[in-house]
Every structure is written in structure tokens, then in C-alpha cells.
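Numbering (the UniProt record's numbering), first residue to last: 1 to 439. Don't be surprised by glycine CBs; every beta carbon is placed ideally from N, CA and C. Note that this is a predicted model, so its numbers are computed, not measured. The structure under discussion appears below in the form of C-alpha cells.
Next comes the structure, spelled out in C-alpha cells:
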């Protein structure tokens, strides 16, 4: 009643707003008689509403995270560059198979296209088999790697007509690179869709992604047609345009990846978070981590470090989550009666963690935390062999671990989105055995 009386005492006070697609469209007040009155009708652009409805998720911006718009803008720029270069490379491929030449036969062209497509399909299948869950763990990094391969693929196709003897070989390599791009890009796109769907609107996010891609494709096709026409008359112009578009593509991709503020915790981010925690520094938020997150997958980064930085590398403890039970020392394996969901052993600077079959993301996080804690705050307790670890299992660091988790949550990290183990090896012991796991 008190609130109602206040409304009558202030008859022109704005008491409600109408909102459409996240934008205030009108203000409402209460008259002296107690009825609602539309106080102000704000101008609405039908074109803007149509654009928002067609290309942005319903309820934008409230239905998406803060990084959605920046990522989509940069992603559209890189996609536009790819479509234009795709038409240039297609023109080069057609020239290479002999389109316009009297000596060329349709059968030879079909055979060359068959070999090129077959190579790409087989390469895509092998890549999916090789990586698997690694695409979820490092979605941002594999997405950028896929786009780099895309550039390599287009470049190989562009230069293939220059080397007639090696045309088929270069065309197949280009198809292989772009096939891996398709697999990695599609898989990581699904992971990013889940990141953007903060309101459970993954289907809407995907649908609007499709409309954005369609519009970008149409623009790219129109620009590509104009460019290919000019390129046929001036090959140097085509080469220059291709190079500039490739630079634009790389820049846009890096900016798109830097704009992503993923809340999931993978091994690379966890190491950065642990370093901050044990150095008593503030835990970086997902937005702060985006500026320092690795841009390439760990496989590529490790190869780079081993080839070029090995003399300058500081030794770090490597954690292998989900190793088979037989990889542990037999003395340690004999301690399975202890009812923990993981067993940790260290050998030659490598921490091996056997996961019980009911171990969840928090158990994997705890295991990695313990391994890092032993190497950082208690180096004297770091055992020289695996057999010494089982006598000192993690009971001492539970309070510290809970404090670490609390700080992660406060900084905006999602503990439910912890992706740390790529291996599928598990073991059963203790209560896990007694619950009837016999397979």
C-alpha cells in the first residue's frame, strides 16, 4: 500500500519502462486516477530492429557475454578475407587443371579434383582422431591454428599453377590444410557457442551465426568477383591483393582470439592461476587472462620451445593426468587401499596422476594443485621417487586448495568448466571397486 500511495503523490513519476531487444522504447507513469500513462515514446529505427532481429541473438546484449560483439566483428572481418581469397585460389586451381586450354580434358580435371578432395577428407579424419577432446581443452588455440592452416592452404593453391610439374602435389597439400581447418574450426565453433550461450540459447546463437556467415559470404562473393575479374587482367594485382588480405586475416584472427574471455580452466590457464596464487598476487580474471592466454596449441608451443628455447628454459614440473595404472611404480600401486580419487607419483620432473573411474573435474583440479604446490611451496617434500608420495597423500593442503577455489570463483572462473585431462585411462580401487565396477 505504501508503494502505491507514493505513486499517486508523484503523478508524473516514471514507474516503468518498455524494453525491446535490450533497448528502452518508452517510459510509463501513473496518473492521479491510478492508471498507467505512456509518458514518452522513444524513436525506434525499424532498420535497426530488423538488423538486430536478423543478426544478433534475441535479448542482445543481455543474452550474451561481454566479449560476444567484439569477437563477431573480428570474426566477420577474417571470414570476409577468407571468402575473397577463396575465389582467387579457385581461379588459380581452375587455371592449373587446364580450364581454357585445348590440351586439357574433362577426365583429367575430374581426376585431379578427386585426388585433391580425397587427400583433404583423409587428412581431416586423421586430425579429428589425433586431437579429439583437445579441441575442447584448447578451443581458442586450435581455432587460430586452423585459420593459420587456412592461409597456408590458400597460398599453396594460389602458387600451384606457377609450378605445373608439382601442381597436383601442391593442390593436394592445400586441400589437406583447408580440410584440417574445417574440422578444427567446426569443432571449436561448437565450444565457443557454448561459451556465448549464457542464457541457454545455444540454438539461437548458432542460428544468428549462420545468418552472419551468409551475409559475409554474399559480400565476399561480390567483392571476390570484382577482384578476380581485375586479377585475370593483372596477375600482379591479384598477388598483391592476396597478400594484403592474408595480413588482414591474420590480424583479425589474433584480435578475435584476444577478445575471447573464456571462463573455462585448461592446463595452460591453470598454471598461470597457480603461479599468481602461490606468488600471493591477485588471481587474474578471464578478461585479464585473455590478454596473456597462449595463442597456439600446446603441441605447437612445446615444439617451438624445444627447438629454439631449450637452452634458456626454466625446468617446470609437467603434470600428466589420466596415466594408466601400470605406468606407476609397483610400490606406489600397492597403496591403492587408500580411498582417494587419484594417486600421484613423481619421476624425473614428471608428475603422473592415475585417476579413479569416478574422479570428476574437481579431483583433477585438486591433483594438479597438489603437484604444483609440492614443487613450489614445499620443494624439500618433493620426493625423488614415486614410492615416497603415497605415504604423504594430500591432506595437508585441503584448506589451501579450498581457498584457491574460492579465489577462482570470486575472479569469475567457472569451476564446472574445468577441462584438464585428455587421456581416457582410468582405474578402480577402494569404494569404486566395492560399488561393483567389474568391467
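- Under the three-state reduction of DSSP output, residue 30 falls in the strand class.
- When the five nearest sequence neighbours on each side are left out, the beta carbons in the same chain lying within less than 7 Å of the beta carbon of residue 404 are those of 277 and 369, in order along the chain.
- By the CB criterion at 8 Å, residue 176 and residue 224 fall outside the cutoff.
- Residue 88 holds the alpha-carbon nearest to the alpha-carbon of residue 161 among 88, 76, 320 and 68.
- Counting along the chain, the unbroken beta strand (DSSP E) around residue 342 starts and ends at 342-347.
- Annotation for residue 419: 133, 136, 137, 264, 265, 266 and 361 place their beta carbon closer than 8 Å to its own, counting only its chain and skipping 5 residues before and after.
- Contact fails between the segment 46-62 and the segment 239-247, because fewer than three Cβ pairs, one in each stretch, are under 8 Å apart.
- Excluding the 5 residues flanking it on each side, residue 301 has same chain C-beta neighbours closer than 8 Å at 294, in chain order.
- Counting only runs of 4 or more residues that sit fully inside the segment 203-231, no alpha helix (DSSP H) segment turns up.
- The C-alpha of residue 429 is placed about 38 Å away from the C-alpha of residue 198.
- Three or more Cβ pairs drawn from the segment 171-189 and the segment 113-120 lie within less than 8 Å of each other, which places the two stretches in contact.
- For residue 318, the enclosing beta strand (DSSP E) covers residues 318-321.
- Shown here for residue 201: same chain residues with a beta carbon closer than 8 Å to its own, the five before and five after excluded, namely 57, 58, 59 and 63 in chain order.
- Rounded to whole angstroms, the gap between the alpha carbons of residue 350 and residue 421 is 15 Å.
- Less than 8 Å separates the beta-carbon of residue 323 from that of residue 423.
- Going by DSSP, residue 168 is part of the alpha helix (DSSP H) stretching over 167-196.
- In this structure, the alpha-carbon of residue 183 lies about 23 Å from that of residue 247.
- Judged by DSSP in its simplified three-state form, residue 272 adopts helix.
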